[in-house]
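Keeping their order, the protein sequence lines are chains A and B.
The numbering of the first sequence is our numbering, which starts it at 23 and goes up by one.
The numbering of the second sequence is our numbering, which starts it at 2 and goes up by one.
For every residue, glycine included, the Cβ atom is placed at its ideal position computed from N, Cα and C.
Every value quoted in this text rests on a predicted model; they were computed, and no experiment measured them.
Here's the structure, in structure tokens; my notes come after.
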Amino acid sequence: MVDLTNPYTYVPVVLVILAPVIGGLLMGIDRKLTARMQSRMGPPITQPFYDAIKLWGKEPFIASKIQPVLAFGYFGFSLAAFALLAFGQDILLLIFTMAIADLCLIVAAFNSKSTYSNLGARRELLGMMSYEPVLLLAAISISFVTGNFMVGGIFQFETPLLTILPLTFLAMIPVLVIDMKKSPFDVSASSHAHQELVRGIYTEFSGYTLAMVELGHWTRVALLLGFMSLFWAPNLIIGTALAFMLFFIVLVIDNSYPRLDWKTMVKTTWVVGFLLILANIVGLVARLVIFS
Amino acid sequence: MKTMTKARLKSPWVLHFDCGSCNGCDIEILAALTPKFDVERFGIVNIGDPKHADVLLVTGPANKRNQRVLKNLFDQMPQPKAVIAIGECACSGAIFHNCPNTLGGVDNVIPVDVYVPGCAARPESIVDGVVLALQKLQKVSEGEKVD
Numbered sequence: 023m024v025d026l027t028n029p030y031t032y033v034p035v036v037l038v039i040l041a042p043v044i045g046g047l048l049m050g051i052d053r054k055l056t057a058r059m060q061s062r063m064g065p066p067i068t069q070p071f072y073d074a075i076k077l078w079g080k081e082p083f084i085a086s087k088i089q090p091v092l093a094f095g096y097f098g099f100s101l102a103a104f105a106l107l108a109f110g111q112d113i114l115l116l117i118f119t120m121a122i123a124d125l126c127l128i129v130a131a132f133n134s135k136s137t138y139s140n141l142g143a144r145r146e147l148l149g150m151m152s153y154e155p156v157l158l159l160a161a162i163s164i165s166f167v168t169g170n171f172m173v174g175g176i177f178q179f180e181t182p183l184l185t186i187l188p189l190t191f192l193a194m195i196p197v198l199v200i201d202m203k204k205s206p207f208d209v210s211a212s213s214h215a216h217q218e219l220v221r222g223i224y225t226e227f228s229g230y231t232l233a234m235v236e237l238g239h240w241t242r243v244a245l246l247l248g249f250m251s252l253f254w255a256p257n258l259i260i261g262t263a264l265a266f267m268l269f270f271i272v273l274v275i276d277n278s279y280p281r282l283d284w285k286t287m288v289k290t291t292w293v294v295g296f297l298l299i300l301a302n303i304v305g306l307v308a309r310l311v312i313f314s
Numbered sequence: 002m003k004t005m006t007k008a009r010l011k012s013p014w015v016l017h018f019d020c021g022s023c024n025g026c027d028i029e030i031l032a033a034l035t036p037k038f039d040v041e042r043f044g045i046v047n048i049g050d051p052k053h054a055d056v057l058l059v060t061g062p063a064n065k066r067n068q069r070v071l072k073n074l075f076d077q078m079p080q081p082k083a084v085i086a087i088g089e090c091a092c093s094g095a096i097f098h099n100c101p102n103t104l105g106g107v108d109n110v111i112p113v114d115v116y117v118p119g120c121a122a123r124p125e126s127i128v129d130g131v132v133l134a135l136q137k138l139q140k141v142s143e144g145e146k147v148d
């Protein structure tokens, strides 16, 4: 059973409670680094928290009765997915919980007559269609190495996954770019697409519903980077450094590419993702055959 | 200062609407976002969605064709909010005074809180105008009556 005297028992609980805070700080670092890359000063790192508190205090304009429920659902399911990661549960279940969280957001956006909101929701579906298969294939290749789909199983495996699955790690970069809503694949909700999209999938949220959606987004960023830190699982300090390196790479990509259309997004993610992961698995099998 | 008031002062998201200006003031507003002035260091973000915005920046004289759009945008912004008229045209109609197709200043359509004069208004004075609008938001947030 659970040993309540061992302080390490409480680490996952603390992590889950802190997940939105970690994500919020990451978004603050993101805005600061982006500003520095554009030779601007940039806002303080705590800026996302000011934004969320302000949004919480604004007059709510509710587009439909179900919209607030779905906004809370987006945050709730994202946090549940983070809890699955922190408690070392099944990776497949984690991916499906993430998908449910995203679906909450999409249904909420479809639940109004706004053209921009509907367009954003459709593009978010396309984004899901692009990254979900790659994410699933990455999970399958991890299970191929460790023998099961559990996050705990990665910790029992002594060799760092990055040394065995380097190409799978690379294939996760477009997945991160899409899910963090960064250029060139920020087709569903860009913060810079005023004329074309307004705010895409976020258009119809306002006040506290938007604050909840923001919290959900921060949690997802923390979740994805936490998932990437598993690639050096035995030593989580190096794993975290690895996740930060990836975060920086995504920011560099964000600042050097314009937004591309959804066809390019699907093609790039599928072709690059599938080829890299398949090459990785084929290479592993070939090595097994040659050395046995 | 209460947390909510502080958060409101730290993150004013602005919505920019051009109702028939010559683009001089619009270019100066965008100049405020560039590295030289960088208003994002105060948390000011130019946002495209009235439902997320706190401050409405209007340039150009209101006219009969776009007054409906301007009114609609203003109504879609949730409280607390502030309106800034930027440039001579938005303040009073300026060179369009008595033109049959214009309505004069923006304050003939929606209530304006801060007037930023200038043709075109300079980025420094625009940033100054936003700071003045924040004082209004602070008063509203602390529960004072503002007219």
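- Rounded to the nearest whole angstrom, the C-alpha separation of Leu219/A and Ser212/A is 8 Å.
- The Cβ neighbour count for Gln89/A, taken over all protein chains shown within 10 Å, is at least 16; the residue is labelled buried.
- In terms of CA proximity to Asn47/B, Asp27/B leads the group Arg69/B, Asp27/B, Pro62/B.
- Using a Cβ distance threshold of 8 Å, Ala121/A and Ala131/A do not count as a contacting pair.
- With fewer than 16 neighbouring CB atoms inside 10 Å of its own CB, Tyr32/A falls in the exposed class.
- Only Pro79, Gln80 from the segment 71-95 of chain B bring a Cβ to less than 7 Å from some Cβ of chain A.
- Considering only Thr56/A, Leu48/A, Gly46/A, the residue with the shortest C-alpha distance to Tyr279/A is Thr56/A.
- Contact check for Phe253/A against Phe191/A passes: the beta carbons are separated by less than 8 Å.
- Taking the Cβ atoms as the reference, Ile200/A lies roughly 7 Å from Thr291/A, within the contact range of under 8 Å.
- Closest option to Leu127/A, judged by alpha-carbon separation, among Trp284/A, Phe266/A, Glu236/A, Val272/A: Glu236/A.
- Looking at the DSSP output, Val84/B sits in a beta bridge with Leu57/B.
- Taking the Cα of Ile223/A as reference, the smallest distance to any Cα among Val107/B, Lys52/B, Gln77/B is reached at Lys52/B.
- Going by beta carbons, Pro124/B and Ala32/B fall inside the 8 Å limit.
- In the pairwise beta carbon analysis, the segment 13-24 of chain B is classified as not touching the segment 293-311 of chain A: fewer than three pairs are separated by under 8 Å.
- With a threshold of 8 Å between beta carbons, Ser12/B makes contact with chain A.
- When CB distances to chain A are screened at a threshold of 9 Å, the residues of the segment 114-148 of chain B falling below it are Ser142, in chain order.
- According to DSSP, residue pairing for Val15/B in a beta bridge involves Asn47/B, Val56/B.
- Secondary structure remark: continuous alpha helix (DSSP H) runs of at least 4 residues inside the segment 136-194 of chain A, in chain order: 137-168, 173-178, 183-186.
- Here Asp76/B is exposed, its C-beta having fewer than 16 other C-beta atoms within 10 Å.
- Contact annotation: the segment 60-76 of chain A does not touch the segment 92-102 of chain A, with fewer than three C-beta pairs closer than 8 Å.
- At a cut-off of 8 Å between C-beta atoms, Arg62/A counts as an interface residue with respect to chain B.
- For Asp39/B, the nearest beta carbon of chain A is closer than 8 Å to its own beta carbon.
- DSSP, read as helix, strand or coil, puts Thr225/A in coil.
- The distance from the Cβ of Val107/B to that of Ala91/B is about 5 Å, consistent with a contact at the 8 Å cut-off.
- For Ala57/A, at least one C-beta of chain B is nearer than 8 Å to its own C-beta.
- Not a single CB atom of chain B sits nearer than 8 Å to the CB of Ser210/A.
- The Cβ of Arg281/A sits no closer than 8 Å to any Cβ of chain B.
- Contacts between Asp50/B and chain A, judged by CB atoms closer than 7 Å, involve Val220, Arg221, Thr225 in chain order.
- For Leu135/B, the CB contacts under 7 Å within the same chain, skipping 5 residues up- and downstream, are Leu10, Pro13 in chain order.
- Neighbourhood of Pro36/B in chain A, by CB distance below 7 Å: Gln60, Ser61, Arg62, in chain order.
- With 16 or more other Cβ atoms from the protein chains shown falling within 10 Å of its own Cβ, Tyr116/B counts as buried.
- Contact between Lys54/A and Gly64/A holds, with the beta-carbon distance rounding to 4 Å and staying under 8 Å.
- Around the beta carbon of Gln69/A, 16 or more other beta carbons lie within 10 angstroms, which makes this residue buried.
- Nearest CB-CB separation between Ala8/B and chain A: below the 8 Å threshold.
- Just measuring C-alpha positions, the residue of Ile117/A, Leu183/A, Met150/A, Ala193/A sitting nearest Leu158/A is Ile117/A.
- Residue state for Tyr279/A is assigned as coil, using DSSP reduced to three classes.
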